[in-house]
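K.L.:
Could you have a look at this structure, given as structure tokens, before my questions?
Residue numbers (full-length UniProt numbering): 1 to 180.
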């Protein structure tokens, strides 16, 4: 059985424009979901191919960005199931002088990745969808294929785990996100 991944000629320009306008955002989302740039690149590449295969469906969707976000999440879940390993390498945060530097955004992202690394991947995904992408409980449940009650309880457990983790207060104080 042959799988033709070429869109029809009339769709090529729309596909290219859609992907090029959003590619950097997808990379950042993928990185937040998996915590590793190499894996994020692979995830986005696979998702772009899936988008191409189903471009007619994606372009006709009422909210194509939500459709693509779902593809990213499902692709990550599929890869994790296939690999059967849960590994989130995290670089150590560099020492930085008191006061906020010009690299606030980068530091905040590193802090987020470091904080998320203390959680299981399922809870990481829930927090990223709920608080980074600002999705509702119902939208998060739909993306993850679980009940809204599960999203609520897992969110509460994830936040509780972060609050009680010994290194979180120090990390946040170091980043001047909370008072020491």
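Where is the CB? At the ideal position from N, CA and C, for every residue including glycine.
1. Measuring alpha carbon to alpha carbon, tell me which residue in 61, 36, 51 is nearest residue 16.
2. Can you give me the C-alpha to C-alpha distance between residue 120 and residue 153, rounded to a whole angstrom?
3. Would you mind listing the alpha helix (DSSP H) stretches within the region 111-155 that are 4+ residues and don't spill past its ends, in chain order?
4. Would you report the Cα separation of residue 97 and residue 150, rounded to the nearest angstrom?
5. Rounded to the nearest angstrom, what separates residue 53 and residue 116 at their Cα positions?
6. Would you report the Cα separation of residue 40 and residue 31, rounded to the nearest angstrom?
7. Can you tell me which of the three DSSP states residue 14 falls into?
8. On the premise that residue 158 lies in contact with residue 126, defined as a C-beta separation below 8 Å, what is that separation, rounded to the nearest angstrom?
P.N.:
Taking the definition as stated:
1. 51
2. 14 Å
3. 121-127, 137-144
4. Residue placement at residue 97 is poorly supported in this model, since its pLDDT is 48, which falls under 50; the coordinates still yield a value, given next. Straight-line Cα distance between these residues: approximately 41 Å.
5. 32 Å
6. 5 Å
7. helix
8. 6 Å
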